[in-house]
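K.L.:
Pasting a structure below so you can have a look.
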Amino acid sequence: MNENDVCLKDRLMQQNSDTLKEIIDAYSHYLYAVAATVITKQSAQRVQEIEEVVQDTFVFLWRYPEKYNPERASLKTYLSWKVISLSKNKIVKSNQEQKLMASLASLYQPKQIPNWFDDDYLDMFIALPDKVREIMVRRLILNQKPKDIHKATGIPLKEINNILFYYKKRLKDMIKEGGMHDEK
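In our numbering, each residue's number is its place in the sequence shown (first place is 1) plus 27.
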């Protein structure tokens, strides 16, 4: 156990901003390199994401200094593991967003659109509020379960279920009104 790390944690617990500045000065270049190693394995143009991950690491330390235990690891090791974890989370989130955007783009390709999905339905879908559209795309196109949507978006599970219930019902009503029936 490093006595300096214990002292730094104590000062962080007191919300001493000079301590955070000291930690940032000491570790920011190192953490940038660690994040770059993880993130650039996946894509080349990630400078902004690397900077965000490093910043998020320091924000996490500032908000939750009690989570750092100097008896388990040095501050450098703790921050390294945190930046690696946040980097991996950033990659997963980025991949999910790319899949979501690809799914939205595929709506405009006639071969991908279901038989019942004509311009009226497309217009309705596009006109949905952003949050509703994201939930509907994730559920109806990406086939994500409500729990997975909650994890990805942070939207409360009850709200997701309410939105799905209401807008699926609206879609069914539109299909009925349009005189479309399943062909058997």
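Note that CB positions come from ideal geometry on N, CA and C, so glycine has one too.
Nothing here was measured: the structure is a model prediction, and the numbers come from that model.
Please say whether P92 and K36 have beta carbons closer to each other than 8 Å?
P.N.:
Position 9 of the sequence shown, counting from 1, holds the residue named residue 36. Position 65 of the sequence shown, counting from 1, holds the residue named residue 92. Result yes, Cβ atoms of K36 and P92 sit closer than 8 Å.
K.L.:
With a threshold of 16 other CB atoms inside 10 Å of the CB of K196, please say whether the residue is buried or exposed.
P.N.:
Taking the first residue of the sequence shown as position 1, residue 196 is located at position 169. Per the 10 Å Cβ criterion, exposed.
K.L.:
In chain order, what residues of the same chain have a beta carbon less than 7 Å from the beta carbon of V110, not counting five sequence neighbours either side?
P.N.:
Counting from 1 along the sequence shown, the entry for residue 110 is found at position 83. Contacts found: L58, V61, A62, V80, V81 and T84.
K.L.:
Quick one: measure Cβ to Cβ for L184 and K199, integer angstroms, because I've assumed they're closer than 8 Å.
P.N.:
For this step, residue 184 is matched to residue 157 along the sequence shown. For this step, residue 199 is matched to residue 172 along the sequence shown. Incorrect: roughly 22 Å between the Cβ atoms, too far for contact.
K.L.:
For Y55, which of helix, strand or coil comes out of DSSP?
P.N.:
In the sequence shown, the residue the question calls residue 55 occupies position 28. According to the sequence as given, residue 55 is Ser; it is not Tyr. It is helical.
K.L.:
Cα separation between R90 and Q41?
P.N.:
The residue given as residue 90 occupies position 63 in the sequence shown. The residue given as residue 41 occupies position 14 in the sequence shown. One C-alpha to the other measures close to 11 Å.
K.L.:
Give me, in chain order, the residues of the same chain whose beta-carbon lies closer than 6 Å to that of N188; leave out the 5 immediate sequence neighbours on both sides.
P.N.:
Here residue 188 corresponds to residue number 161 of the sequence shown, with the count starting at 1. Excluding positions up to five away in sequence, the list reads P173.
K.L.:
List, from N- to C-terminal side, the alpha helix (DSSP H) runs of 4 residues or more that fit wholly inside the region 150-190.
P.N.:
Runs found: 157-163 and 173-180.
K.L.:
Report all residues from its chain with a CB closer than 6 Å to the CB of R165; omit the five preceding and five following residues, and keep chain order.
P.N.:
In the sequence shown, the residue the question calls residue 165 occupies position 138. Answer for R165: Q171 and I176, listed in chain order.
K.L.:
What separation, rounded to the nearest whole angstrom, lies between the Cα atoms of I118 and T64?
P.N.:
On the sequence shown, position 91 is the one that residue 118 refers to. On the sequence shown, position 37 is the one that residue 64 refers to. Roughly 12 Å between the two C-alpha positions.
K.L.:
So, under 8 Å CB-CB, L106 and L88 are touching, yes? Tell me the CB distance rounded to an integer number of Å.
P.N.:
Position 79 of the sequence shown, counted from the first residue, corresponds to residue 106. Position 61 of the sequence shown, counted from the first residue, corresponds to residue 88. That belief holds up - the Cβ atoms of L106 and L88 are roughly 7 Å apart, short of 8 Å.
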